[in-house]
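Peer 1:
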Ligand SMILES: NC(=O)c1ccc[n+]([C@@H]2O[C@H](COP(=O)([O-])OP(=O)(O)OC[C@H]3O[C@@H](n4cnc5c(N)ncnc54)[C@H](OP(=O)(O)O)[C@@H]3O)[C@@H](O)[C@H]2O)c1
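Numbering (our numbering), first residue to last: 706 to 843.
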């Protein structure tokens, strides 16, 4: 008979996770992007060894026309969407963008080839504005 392997959770905040501190989940999926960095929650997950899964890493496309993001993307030779995904991957998140277009799916896959220097990561960290596309229960 098979058993349960790993259990993950979604949209859990620190208070939720503290209830599970003796048996932490393998991963926690929540919205995270340069525009919503959830640093306390990220640090808590790291301390507990919980893998972060980043949903809505493209901010549902709502921030792709941000001028500063476009400038940095141009300098890096990628698109704003790829830049957001590269930031997420560089932070160590399992990132799950969604697209209905073949060319976007390919561009998103190509993100894994993009190396971002520390100064670019720092620039992107400066985009924090607690901008959420979903109501934040956590
Ligand atoms: N656990 C939860 O509560 C929760 C909540 C929300 C979402 N999710 C999951 O998170 C995943 C993705 O989230 P999401 O769909 O909310 O948001 P997202 O991935 O941040 O954004 C999707 C939007 O980005 C556009 N896009 C994708 N690739 C692009 C590219 N290369 N260039 C330009 N635009 C691009 C898509 O348009 P096109 O279709 O035109 O490419 C679509 O409008 C899904 O698997 C979803 O199930 C989980």
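Glycine residues also receive a C-beta, built at the ideal position from the N, C-alpha and C atoms. Model, not experiment: these values are computed from the prediction.
Take residue 797 and list the residues in its own chain whose beta-carbon comes closer than 8 angstroms to its own, dropping the five residues that flank it on each side.
Peer 2: To locate residue 797, count along the chain shown from 1; it is residue 92. Answer for residue 797: 757, listed in chain order.
Peer 1: Could you round the C-beta distance between residue 762 and residue 790 to whole angstroms and report it? I think they count as a contact, below 8 angstroms.
Peer 2: Sequence index remark: in the chain shown, residue 762 carries index 57 (1-based). Sequence index remark: in the chain shown, residue 790 carries index 85 (1-based). Beta-carbon to beta-carbon, residue 762 and residue 790 are separated by about 6 angstroms, close enough to satisfy the 8 angstroms threshold.
Peer 1: Run the CB neighbour count on residue 862, radius 10 Å, all protein chains shown included, and call it buried at 16 or more, exposed below.
Peer 2: In the structure as shown, the chain begins at 706 and stops at 843. Residue 862 is therefore absent and cannot be evaluated.
Peer 1: Would residue 823 and residue 759 be called neighbours here (beta carbons separated by less than 7 angstroms)?
Peer 2: By one-based count along the chain shown, residue 823 stands at place 118. By one-based count along the chain shown, residue 759 stands at place 54. Against a cut-off of 7 angstroms, the Cβ pair of residue 759 and residue 823 comes out as no contact.
Peer 1: Given 6 angstroms as the limit, tell me if residue 713 has its C-beta closer than that to any heavy atom belonging to ligand 1.
Peer 2: Walking along the chain shown from the start, residue 713 turns up at place 8. For ligand 1, not one heavy atom lies less than 6 angstroms from the Cβ of residue 713.
Peer 1: Just to confirm, is the Cβ distance from residue 737 to residue 783 under 7 angstroms?
Peer 2: Position 32 of the chain shown holds residue 737. Position 78 of the chain shown holds residue 783. With contacts defined by Cβ atoms closer than 7 angstroms, residue 737 and residue 783 do not form a contacting pair.
Peer 1: Residues in its own chain within less than 6 angstroms of residue 740 by CB, not counting five upstream and five downstream?
Peer 2: Translated into the one-based positions of the chain shown, residue 740 becomes position 35. Cβ neighbours of residue 740 beyond the five flanking positions: 764, 768, 832, 834, 836.
Peer 1: Given the structure, does residue 731 come close to ligand 2, in the sense that its CB is under 6 angstroms from one of the ligand's heavy atoms?
Peer 2: With respect to ligand 2, the structure offers nothing, as its ligand set consists of ligand 1.
Peer 1: Do residue 731 and residue 713 come within 7 angstroms of each other at the CB atom, strictly closer than that value?
Peer 2: Working through the chain shown from its first residue, we reach residue 713 at position 8. Working through the chain shown from its first residue, we reach residue 731 at position 26. Yes.
Peer 1: Measuring only the C-alpha atoms, how far is residue 717 from residue 743?
Peer 2: Along the chain shown, read from residue 1 onward, the residue named residue 717 stands at position 12. Along the chain shown, read from residue 1 onward, the residue named residue 743 stands at position 38. Computed Cα separation, rounded: 12 angstroms.
Peer 1: I'd like to check one pair, residue 828 with residue 777: are the Cβ atoms closer than 7 angstroms?
Peer 2: Position 72 of the chain shown, counting from 1, holds the residue named residue 777. Position 123 of the chain shown, counting from 1, holds the residue named residue 828. Taking 7 angstroms as the Cβ cut-off, residue 777 and residue 828 qualify as a contacting pair.
Peer 1: Where does the unbroken alpha helix (DSSP H) through residue 823 begin, and where does it stop?
Peer 2: Position 118 of the chain shown holds residue 823. Note, residue 823: alpha helix (DSSP H), 823-830.
Peer 1: Could you check whether residue 709 and residue 729 sit closer than 7 angstroms to each other, using their CB atoms as the reference points?
Peer 2: Numbered from its first residue, the chain shown carries residue 729 at position 24. Numbered from its first residue, the chain shown carries residue 709 at position 4. No; because the gap between Cβ atoms is not below 7 angstroms, this pair is not in contact.
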